[in-house]
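What follows is a single structure, written as structure tokens, with notes after it.
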Amino acid sequence: MTARIIDGRALAASVRASVKQTVAELAATGVRPCLAVILAGNDPASRIYVRNKSRAGTQAGVLSELHEFPEQVPEAALLERIGALNADRRVHGILVQLPLPAQIRAERVLGAISPAKDVDGFHPENLGALVAGRPGFVPCTPAGVMMMLEREGVTLAGRHAVVLGRSNIVGKPMALLLLRRDATVTICHSKTQQLSVHTRQADILIAAIGRAKFVTAQMLKPGACVIDVGINRLDDGSLSGDVDFAAAQEVAGTITPVPGGVGPMTVAMLIVNTVRAAAQSVAGGGEER
Ligand code: NDP
1358 MTARIIDGRA LAASVRASVK QTVAELAATG VRPCLAVILA GNDPASRIYV RNKSRAGTQA
1418 GVLSELHEFP EQVPEAALLE RIGALNADRR VHGILVQLPL PAQIRAERVL GAISPAKDVD
1478 GFHPENLGAL VAGRPGFVPC TPAGVMMMLE REGVTLAGRH AVVLGRSNIV GKPMALLLLR
1538 RDATVTICHS KTQQLSVHTR QADILIAAIG RAKFVTAQML KPGACVIDVG INRLDDGSLS
1598 GDVDFAAAQE VAGTITPVPG GVGPMTVAML IVNTVRAAAQ SVAGGGEER
């Protein structure tokens, strides 16, 4: 069997196109969705991610403004800027690019963002809403995976989904979203024993561990839908996911590539969330929550 390869770039383009109508309606009322991106330090990968997000925003009619800080920035300076952006009615979404420099407490900084502008969905209020099944901003990568599964027509109800990784950014919200769609969900992590026993039961396998080519063909159930969230830089400079793609595509039923899979969907969902934040600010008169 050779798996069908999911084209994340094409799906992301159609997701971005789907917000054009809302962007046009907002423009008619004089509002242009605006995303403020905070970038602290000199991490080269972060710089590339920020550039991609800004470019995708521009294509969709979303203004993005960059707030750069040096590696040694004190936490107070970031908190002060976030306070100013929270109060700025022109700004609808605030994103703090991770990782932050070592002296900065990420929880403090992420927790300072107004939940109404938290388009990355990392604020405890939005994470709590996700747990409780209430509306709120959902972290972009798991939201992008869900959109991908929906658009590909992957049935979730009653099927076994196995999530590798339990980070607050990917693994945990991913598991909650799958649960919300009635999948039976197993979460695996670095202390899980006999990992292959779990992965081989997966109708849907989501790999988000950050280990290049860790998931081998032998770890898959034939015909499974394999979603590879991992982004790992190899010694030769190329990118690899957490799945051994070449071997896995001979066993899986559907599979995402890296690059060109989940990554573009993450960026597209950021645009969706920013446009939604702008629309909600108009509907709510722009006041802070
Ligand atoms: P974290 O490092 O925060 O979490 C990794 C998770 O994987 C942890 O829960 C860890 O377990 C688990 N893990 C590590 N090693 C193993 C192992 N050998 N077996 C089983 N579980 C293991 O990473 P993130 O969640 O932030 O990111 C995961 C990957 O996804 C990375 O490659 C990252 O670059 C990528 N990523 C991609 C995005 C995209 O847009 N495509 C967006 C965000 C991330 P434990 O908790 O026990 O330590």
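Under the numbering used here, the first residue of the sequence shown carries the number 1358, and numbering increases by one thereafter.
A virtual CB, placed ideally from N, CA and C, is assigned to each residue, including glycine.
Which residues DSSP lists as bridging residue i, in chain order
| i | result |
| --- | --- |
| E1509 | For E1509, which the question treats as bridged, DSSP gives no partner whatsoever. |
| A1564 | L1521 and D1585 |
| R1361 | T1611 |
| L1596 | R1590 |
| T1543 | V1519 |
| C1709 | Only positions 1358 to 1646 of the chain appear in the structure, and residue 1709 is not among them; the question remains open. |
| V1572 | V1600 |
Euclidean distance between Cα positions of residue i and residue j
| i | j | result |
| --- | --- | --- |
| G1493 | L1534 | 12 angstroms |
| D1539 | M1531 | 13 angstroms |
| H1517 | Q1606 | 19 angstroms |
| A1565 | L1455 | 16 angstroms |
| A1417 | C1545 | 36 angstroms |
| D1475 | V1419 | 16 angstroms |
| C1391 | A1381 | 14 angstroms |
| E1422 | Q1550 | 45 angstroms |
| E1644 | S1638 | Confidence in E1644 is poor, its pLDDT being 41 and thus under 50, which makes the residue's placement too unreliable to answer from. |
| G1515 | L1506 | 15 angstroms |
| C1497 | M1626 | 5 angstroms |
| R1590 | P1621 | 17 angstroms |
| R1557 | V1394 | 40 angstroms |
| A1374 | A1367 | 11 angstroms |
| D1477 | I1628 | 10 angstroms |
| L1596 | I1588 | 7 angstroms |
| V1608 | R1412 | 36 angstroms |
| A1444 | I1362 | 44 angstroms |
| I1461 | V1430 | 8 angstroms |
Per-residue DSSP class, three states only, for residue i
| i | result |
| --- | --- |
| V1608 | coil |
| N1589 | strand |
| I1628 | helix |
| L1396 | strand |
| E1422 | strand |
| G1450 | strand |
| V1476 | coil |
| V1527 | coil |
| I1470 | coil |
| E1428 | coil |
Local Cβ density within 10 Å of residue i, reported as buried at 16 or more and exposed below that
| i | result |
| --- | --- |
| G1387 | exposed |
| L1521 | buried |
| M1358 | exposed |
| G1440 | exposed |
| P1472 | buried |
| V1327 | Outside the shown range of the chain, which is 1358 to 1646, sits residue 1327, and nothing can be said about it. |
| V1554 | exposed |
| T1611 | buried |
| R1646 | Annotation note: pLDDT 40 at R1646 (below 50); position unreliable, no value reported. |
| G1450 | buried |
Cβ separation of residue i and residue j, assumed to be a contact under 8 angstroms, to the nearest whole Å
| i | j | result |
| --- | --- | --- |
| L1484 | I1561 | Not quite, the Cβ-Cβ distance comes to about 22 angstroms (not below 8 angstroms), so this is no contact. |
| V1466 | E1432 | 7 angstroms |
| V1615 | D1593 | About 15 angstroms separates the two Cβ atoms, so there is no contact after all. |
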